[in-house]
Each structure stands twice: as structure tokens, then as C-alpha cells.
Amino acid sequence: MTVKYLKFISCLVLIAGSYCLPLAAKIKVKPLPIQLESCERGECVDHFKEYKTLARYGHSDAMYTLAEMYRLGYGTESDMRLSTKWYRRAAKLGNPFAQYKAAILYLQEGENQDIDKAMRYLRDANRADLNEAAHLLGMLYVEGELVEKDKVKAKDYLTKAYEAGHEPTLNLLAEVSEVALEVKRQAKVAPVTPKSQAAPTDEMEVIEVRAPSLEEVFSYHIATLRARVPDGISSTGTSLRGRTCGEMISCNTQEDRERIRDFLMSTW
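Residues in the sequence shown are numbered consecutively from 66, following the working numbering.
In C-alpha cells, the structure reads:
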């Protein structure tokens with residue numbers, strides 16, 4: 066375990082204080098991941114063209130997907146300049162997925178680094194209930210390298226992601242719980258109640274189910290966008306902002322919404 070990792074875990078233990086978030090054993094249905102990768106086949110080019118057209122009409126979900134395609138070289142040549150351009154356009158329209166990805170780009174070292182803008186995008190995405198944003202905000206405030214360390218904010222954001230069932234947060238806090246318990250044992254402090262302890266990993270049953278194919282996801286997503294008024298414009302020509310992730314995706318059923326949402330966040 067590296068010194069940096071130990072330091073990071075120690076910070077989380079301090080945040081946990083005298084309690085650890087309860088992690089109950091449960092059954093988790095884990096879909097097999099959809100992977101978007103470089104592709105030059107005819108159907109990939111067709112998908113790229115469809116999303117490019119929809120992006121130009123003002124659909125922020127299409128702008129975001131187009132950015133992913135440019136980044137990965139799906140149906141076109143990889144082009145980070147155009148990828149960043151479309152992430153930013155979608156982010157300005159309030160698309161939480163694009164705000165999250167744009168924030169990651171702005172957090173990276175280099176001439177385009179802009180921590181303030183990255184944090185604004187992450188806060189906006191968090192307000193739209195994007196769990197990835199809440200988790201990353203919590204991590205940033207715990208580590209205190211890019212922003213000033215803030216235990217209260219870190220705890221609030223990580224708690225929100227935890228309560229939403231965000232898997233990376235569940236895993237992180239489960240490990241923190243184990244570290245906190247070990248610290249208590251070494252300090253000869255009375256053990257916490259069983260209710261506060263993390264569930265053993267062998268009590269978690271994971272059931273894998275087949276995810277829809279990439280072709281199915283693209284076809285469904287494109288059909289959904291075609292049937293919807295572009296969120297980049299309204300009858301008065303103004304942008305529509307402040308919607309949640311579910312409203313941005315606007316699918317007919319919860320299963321459909323989760324299917325598209327998982328796809329939109331699966332490629333990074």
C-alpha cells in the first residue's frame with residue numbers, strides 16, 4: 066500500500082470519525098458493460114453521422130455522445146480538440162454527463178486546467194443527481210490537493226453518493242469502515258456496534274445479466290432523440306437548463322432510463 070494511499074485512507078478515517086456508514090449485504094444485479102471503442106465499420110460511421118446531425122439540431126445528449134465518439138475514434142478519426150469542443154457545448158446546456166466529463170478535462174494538468182470551472186461543472190452535475198459527480202467532489206475535498214480540504218463537504222458529498230447506492234462510494238466506504246475498525250482495535254477502543262460494521266464481501270451476491278448490444282442502445286437512443294424537442298432550444302430560442310439526469314434522458318420506463326444512462330457513463 067503506497068504512502069499516498071495510506072494518507073488518503075487516513076483522511077477518510079478522520080471523516081468517518083466515530084462511526085462508519087452501514088453497508089448491508091444485498092443482491093446486486095450487475096449488467097455486463099457496453100464498451101465503446103475505436104471503430105471504422107460502416108455501421109459505426111452511420112451512427113457517428115446520426116449523432117452529428119442530432120447534435121447540430123441542439124440535442125445535448127447527442128453532443129455528449131458525439132464528444133465520446135471523437136475521443137475514442139468511433140466512426141471517425143480520434144480528435145481531442147473536437148471532443149473537448151462538444152463536451153463543452155453540451156456542458157453549457159446543462160447536460161450533467163458532459164459537465165462531469167468536461168470537469169475531468171479541466172482538472173487535468175496542462176494549459177487548459179481550470180479548477181474553478183471544473184468545480185462549477187461538478188457542482189452543477191451533482192445538483193442534477195449525477196452520482197459520479199457527488200463521489201468525485203467528495204474525493205477532491207478529502208484529498209485537498211486541487212481544492213482546499215473540507216471534511217464537512219467531503220462527508221456530505223460521499224454520503225449523498227453512498228445513499229444513492231453508487232458502487233465506487235460503497236466500495237470506498239466499506240474499506241474505510243474496515244480501516245476505522247482496525248484503528249479502534251489498535252487503540253483499544255470499545256468496538257462499534259455490529260450495525261455500524263461493513264458487510265463482509267462474501268455476503269454480497271452479484272448476478273450478472275446481459276446488457277443490450279451497442280447497436281440496440283444506439284438505435285433506441287437515436288429514436289428517442291428524434292422524437293424529442295432539442296433541449297438546446299425552446300419555442301423562444303432559449304436554452305433549457307437545470308434538469309435532472311432522468312429528465313435529460315427522458316425515456317419511457319425506469320429500465321430504459323437506466324440502460325441509456327449506463328451507456329452514457331460507460332466509456333470513461
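C-beta atoms are modelled at their ideal positions from N, C-alpha and C, and glycine is treated no differently.
Predicted model, so just to flag it, every value in this text is computed and none were measured.
8 Å CB neighbourhood of residue i in its chain, flanking five on each side removed
{"i": "Asp111", "result": "Gly140"}
{"i": "Ala229", "result": "Asp194, Asn196 and Ala199"}
DSSP bridge partner residues for residue i (one or two, in chain order)
{"i": "Tyr139", "result": "Cys104"}
Endpoints, the alpha helix (DSSP H) within which residue i is located
{"i": "Gln164", "result": "Pro161 to Leu172"}
{"i": "Leu211", "result": "No alpha helix (DSSP H) holds Leu211; DSSP gives it neither H nor E."}
{"i": "Leu290", "result": "Leu279 to Arg291"}
{"i": "Val294", "result": "No alpha helix (DSSP H) holds Val294; DSSP gives it neither H nor E."}
{"i": "Asn191", "result": "Ile180 to Arg192"}
{"i": "Leu195", "result": "No alpha helix (DSSP H) contains Leu195, which DSSP labels as neither H nor E."}
{"i": "Leu158", "result": "Looking at the DSSP string, Leu158 is not in any alpha helix (DSSP H), and its letter there is neither H nor E."}
{"i": "Glu228", "result": "Lys216 to Glu228"}
Span separating the alpha-carbon of residue i from that of residue j
{"i": "Arg136", "j": "Thr149", "result": "8 Å"}
{"i": "Leu170", "j": "Glu176", "result": "11 Å"}
{"i": "Gly209", "j": "Glu108", "result": "45 Å"}
{"i": "Gly297", "j": "Tyr152", "result": "14 Å"}
{"i": "His286", "j": "Lys216", "result": "40 Å"}
{"i": "Thr289", "j": "Tyr129", "result": "15 Å"}
{"i": "Val184", "j": "Ala155", "result": "It is worth fixing the name first, because residue 184 is Met in this sequence and not Val. Cα-Cα distance, rounded: 16 Å."}
{"i": "Lys225", "j": "Arg106", "result": "41 Å"}
{"i": "Ala168", "j": "Thr118", "result": "25 Å"}
{"i": "Thr303", "j": "Gly159", "result": "In this prediction, Thr303 scores a pLDDT of 41, lower than 50, which makes its location untrustworthy; the coordinate-derived value is nonetheless stated afterwards. Cα-Cα distance, rounded: 13 Å."}
{"i": "Lys182", "j": "Lys157", "result": "11 Å"}
{"i": "Tyr222", "j": "Ala120", "result": "32 Å"}
{"i": "His231", "j": "Lys214", "result": "22 Å"}
{"i": "Ser242", "j": "Leu172", "result": "29 Å"}
{"i": "Phe113", "j": "Ser278", "result": "16 Å"}
{"i": "Glu174", "j": "Leu238", "result": "28 Å"}
Residue j beta carbon less than 8 Å from that of residue i
{"i": "Ala193", "j": "Pro161", "result": "yes"}
{"i": "Leu101", "j": "Glu142", "result": "no"}
{"i": "Ser103", "j": "Ala163", "result": "no"}
{"i": "Tyr165", "j": "Pro295", "result": "no"}
Other residues of its chain near residue i: CB distance less than 6 Å, five sequence neighbours each side excluded
{"i": "Asp61", "result": "Because the chain here runs from 66 to 333, residue 61 falls outside it and cannot be looked at."}
{"i": "Asp189", "result": "Gln164"}
{"i": "Ile218", "result": "Residue identity differs from the one stated: residue 218 is Lys in this sequence, not Ile. Contacts found: Tyr206."}
Cut-off 7 Å between Cβ atoms - residues of its own chain near residue i, not counting five sequence neighbours on either side
{"i": "Val212", "result": "Ile180, Met184, Leu205 and Tyr206"}
{"i": "Gly138", "result": "Ser103"}
Any C-beta of chain D under 8 Å from that of residue i
{"i": "Asn196", "result": "This model lacks chain D altogether; it includes just one protein chain."}
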